[in-house]
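Following: one structure in structure tokens, then a few remarks.
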Amino acid sequence: MVQATSRKLQATSIEIILVACSFRLVACSSYLCTMNKKVRVRFAPSPTGGLHLGGVRTVLFNYLFAKKHGGDFILRIEDTDQTRFVPGAEEYIFQTLEWCGLIPDESPKHGGPHAPYRQSERKAMYMQYAEQLVQAGYAYYAFDTPEELEAMRNDFKTAENPSPQYNQFIREKMRNSLTLGEEEVTRLISEGMPFVIRIKMPAGETVSFTDMIRGEVSFQTDQVDDKVLLKADGMPTYHLAVVVDDYLMKISHAFRGEEWLPSAPVHILLWKYLGWENEMPEWAHLPLILKPDGNGKLSKRDGDRLGFPVFAMDWTDPKTNETTIGFRERGFLPEAFVNLLAMLGWNDGTDQEIFTITELIEKFSMDRVHKGGAKFDYEKAKWYNHEWIKQSDATKLAPFVQQILAANNIDVTDSNILHHVIDLVKERCTLLSDFTAQSRFFFQSPTQIDIDAIKPKWDEKKNLFFTELIRAYELSTLWEASDLEKEFKELAAANQLKPGELMLPFRIMLVGGKFGPGVFDIAALIGKIETVARIKHTLGLLS
RNA sequence: GCCCGGUUCGUCUAUCGGCUAGGACAUCUCCCUUUCACGGAGGAAAGACGGGUUCGAUUCCCGUACCGGGUACCA
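Going by the working numbering, the first sequence opens with residue 686, and the numbers climb by one from there.
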């Protein structure tokens, strides 16, 4: 009996081991095999201007993945191109992340154990790795001037090969440490001849890796050129910097745009040549966000051309002083912006489209990220914002609305009234900026009265009705919307008029035009004095 | 040119070999509302093409086409 039980137990434990093993196998075929490794992701923008939709989406996917797996999200500034430095761009990136609520755990601003997080400040570190590669024969010095490179491209340009590369064949014909001989190289360097360090791409090899989104991707090394690793000014290029920093910062998963896919073999080889192959992060190349109307990556210009924002927030170019509109200033709620970005290339497999950031973190998974690029649809973007405005309560909306109203010279003193107004009008506001037109009349008498909408059907009977309505309302002791409606309708009946014919004129008197929530709600909220005054005013215009 | 990636309604997408191909935005019709919205009901609208594999392909494989990305001492 005891034996039987223990055998049974044994069987069960074997089963458990089997299950565990198969789980392990499955897990190891995917990025989950780094479960034992702390998840650390990074977003590494170059501070050259406003942060684009696609950039923020890359941030978002990084952030969601990190938070989902209890990991860290690092912001690293890739400012290795000093010629492209734009003042204010870095601060703009921080403000954008803050507005979106995607706060890094480590960054130049927040600090962290791997500081500095600005590549320009890490300059000294890169040289040794480049030298290490040269010593090991994986890289070489190249002394070719920009003019010589230009000449090479011209000389070797043919119809079949319009853009010749500095590759395994061409390098034999150029001035570098592979062709020059050791003495000459030492001499040139000691004389202060500017040089770059290039990777020596091997001949006839295949470089493969498993992309988290695309699966296995392979490249022939013969097709890849000898990319510059270290520039003449001593700064690394992206290729070297991304590998060195991802290694030093212990990045576990590297997400970036699809435009980086062709240079992936260079990076893979670098990880290998530097001896860090086992530490290499999992790669994921995110699909691009495309122009709505045709071909190519979405750019700032498309927004200008088609009339929608592309940057997260307003960006003023310090050189031209030109401002490009951002989603924030256009009237988007940060939650809506994040939500719509998440849905560009990802979904949770259900019909749900509205997600809070908490839900996104909970439900996000890389294997539901799309391979194909997505055309940006501004109409759909607005729909997300509208949904968010509708489902947000007045308390949440109030600060945004108050600020917008203030910017439009509408003073709000009573927050109760503001909340009430927001509840009344929010369903007709697609953008936060719509609150101005939709609620101005609650706080100010309309300056423009659409009198033409009343005139055609205006007659003495109606004139009399409104004169009586003034009296009735003046005497009224109750001032709820339902009371006002009741009085209005009773008076209409007494005058043998249909209330419907009178409601439009009444609305125009209060609002100025054919829009807005229920008239009696408006009258109730603006109060007796204001209601009566507005009726009188329009009556004056009609006589 | 070469290399890499992608391809389901106009747009974003679901589908992990069984499909009368589902949802959302936009669009159209109607209802609600004597404003504008919101809301509700409905309509039109898709698997680039050609070969395989299979009892059966949108789904798997190959080719073609098309689209995109890359081809810098830019990222």
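A virtual CB, placed ideally from N, CA and C, is assigned to each residue, including glycine.
Query	Result
Pick from H938, D764, G877 that is closest to M1051, judged by C-alpha positions	H938
Spatial neighbours of I778 in its chain, beta-carbon cut-off 7 Å, leaving aside the 5 residues before and after	P730, P732, L736
I1093 versus H1105 - alpha carbon distance	Checking the sequence shown, residue 1093 turns out to be Asn, not Ile. Each residue's alpha carbon lies about 19 Å from the other.
Best match in L975, T1098, T1115 for proximity to E1064 [C-alpha to C-alpha]	T1115
CB contact flag (H795, P789, <9 Å)	yes
Contact check, L1090 vs G1016, beta carbons under 9 Å	no
Alpha helix (DSSP H) runs wholly inside the region 751-787, at least 4 long, in chain order	774-785
Buried or exposed (CB count within 10 angstroms, at least 16 for buried), D764	buried
Length of the line joining the Cα atoms of D684 and D1078	With the chain covering only 686 through 1228, there is no way to say anything about residue 684.
6 Å CB neighbourhood of G1198 in its chain, flanking five on each side removed	D1135
Local conformation of H938 per DSSP, three classes	strand
Rounded Cβ spacing between V928 and L973 (contact assumed at less than 8 Å)	Going by Cβ atoms, the distance from V928 to L973 rounds to 23 Å, so no, they are not a contact pair.
Stretch pair the region 931-945 + the region 859-877: three plus CB contacts closer than 8 Å	no
Beta-bridge partners of R883, as assigned by DSSP	Y825, V913
M886 and D910 closer than 9 Å at C-beta	yes
Stretch-stretch touch, CB-based, cutoff 8 Å, three pairs: the region 1206-1216 with the region 1132-1151	no
V1059 in three-state terms, based on DSSP	In the sequence as displayed, the identity of residue 1059 is Ala instead of Val. Three-state DSSP puts A1059 in a strand.
Whole runs of the alpha helix (DSSP H) within the region 980-1056, excluding any shorter than 4 residues	985-991, 1012-1015, 1019-1027, 1042-1048
For G889, the nearest candidate out of Q905, D896, I898 (CA to CA)	Q905
Straight-line gap, P1141 to F1151 (C-alpha atoms, nearest Å)	17 Å
For Q1087, the three-state DSSP class (helix, strand or coil)	helix
Counted within 10 angstroms of its Cβ, other Cβ atoms place L1160 as buried (16 or more) or exposed	exposed
Residue of R860, R1113, I882, L782 minimising C-alpha distance to L818	I882
Beta-carbon proximity list for F828, same chain, < 7 Å, skipping 5 on both sides	R860, N861, L873, M878, F880
Residue nearest to Y748 in terms of C-alpha spacing, selected from R1053, E1014, E806, V1023	V1023
N1070 classed as buried or exposed, judged by whether at least 16 other C-beta atoms fall within 10 angstroms	buried
Helix, strand or coil at Q1133 according to DSSP, with G and I counted as helix	coil
Beta-carbon spacing of L863, L914 below 9 Å	no
Simplified DSSP assignment, three categories, for G739	helix
Backbone CA spacing between G755 and P950 [nearest angstrom]	29 Å
Local Cβ density within 10 Å of K912, reported as buried at 16 or more and exposed below that	buried
Between the CA atoms of S805 and M920 - distance to the nearest angstrom	8 Å
Which of helix, strand or coil DSSP assigns to I974	strand
Backbone secondary structure at P1190 - three-state DSSP	helix
Beta-carbon proximity of L1195 to F1128, cut-off 9 Å	no
Continuous beta strand (DSSP E) stretch holding F894: start and end	891-896
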